[in-house]
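The number in our numbering is simply the position in the sequence shown, starting from 1, with 33 added.
Just so it is clear, CB atoms sit at the ideal spot from N, CA and C, and this is done for glycine as well.
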Amino acid sequence: MFFDVGFAATAIEQVAAKAGVSKVTVYNHFGDKRGLFVATVEHQCEQMRDHFTLDMESEGNLRERLLALGIAMTNFLARPEMTRFELRIAAETEHEPEVGRSFLDAGPRRMRMQFCLMLQHEVDQGRLQIDDLPLAAEQFVSMCKGFADLERRFGAANDPERNRERIEGAVNVFLKAYG
């Protein structure tokens with residue numbers, strides 16, 4: 034409900050009714066409306082993390098694994114419901130900064146940390162040479178997302194073919210820089 038109508042317009046009574054529980058149960062479990070919202074954000078971020086793997090021992094060579102990661106990430110972020118989710122988080126953060134911090138901690142920052150662990154493994158194996166893992170992770174993600182990420186937020190259609198071309202280019206640049 035939060036992502037349909039926003040934090041301010043969502044009433045605990047509505048959430049409880051939709052969940053088939055009492056308002057007291059919601060308060061006992063989450064503390065307050067803010068706690069429920071943060072839990073909702075964290076749940077959405079968990080779904081994001083579950084959508085793609087950063088397994089260091091997954092199948093394929095490094096190029097194939099980076100390509101698969103870039104495609105999975107872009108496909109997940111390009112979903113209309115994810116675009117709406119990010120826009121809602123941004124709008125709520127303007128009034129409630131903790132919402133933004135919770136989102137960043139539960140989603141993007143955790144994913145960056147996991148990606149850095151994957152990159153460190155590749156460095157340890159001698160397949161990559163990276164001095165600044167967080168910067169390398171940021172560069173890869175930014176190249177994969179490109180302008181399409183911004184354009185989707187303003188109504189542009191997703192273009193899977195163009196996404197793949199951009200991600201293949203990102204992998205090539207990344208491996209030339211760090212391989």
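Going by beta-carbon coordinates alone, are residue i and residue j separated by less than 8 Å?
| i | j | result |
| --- | --- | --- |
| R195 | T116 | no |
| I200 | L100 | yes |
| A111 | N191 | yes |
| L208 | R98 | no |
| A210 | C177 | no |
| L161 | G212 | yes |
| T58 | A50 | no |
| S135 | V206 | no |
CA-CA distance, residue i and residue j?
| i | j | result |
| --- | --- | --- |
| Q14 | A105 | Absent from the model: residue 14. The displayed extent of the chain is 34 to 212, so no value can be given. |
| A181 | A189 | 8 Å |
| P130 | L69 | 15 Å |
| G53 | I45 | 12 Å |
| E92 | F173 | 20 Å |
| H62 | H128 | 24 Å |
| L166 | M34 | 37 Å |
| S175 | S55 | 44 Å |
| G39 | N94 | 43 Å |
| P113 | Q158 | 38 Å |
| G64 | E184 | 38 Å |
| D83 | G103 | 15 Å |
| F109 | M81 | 7 Å |
| Q77 | V132 | 13 Å |
| R67 | R121 | 15 Å |
So, with DSSP's three-state summary, where would you put residue i?
| i | result |
| --- | --- |
| T126 | helix |
| A139 | helix |
| E92 | coil |
| M106 | helix |
| I163 | coil |
| R195 | helix |
| A73 | It is worth fixing the name first, because residue 73 is Thr in this sequence and not Ala. T73: helix per DSSP, three-state reduction. |
| F173 | helix |
| T116 | helix |
| A41 | coil |
Restricting to Cα atoms, I'd like to know which of the options is closest to residue i.
| i | options | result |
| --- | --- | --- |
| L137 | L95, F118, L152, M151 | F118 |
| A139 | A42, G39, E184, T73 | T73 |
| T126 | M34, L95, A41 | A41 |
| T193 | T107, Y211, Q80 | With the sequence shown as reference, residue 193 is identified as Pro, and Thr is not the correct amino acid for it. Cα-wise, what sits closest to P193 is T107. |
| A169 | R145, D157, E114 | R145 |
| R142 | G103, E171, R67 | E171 |
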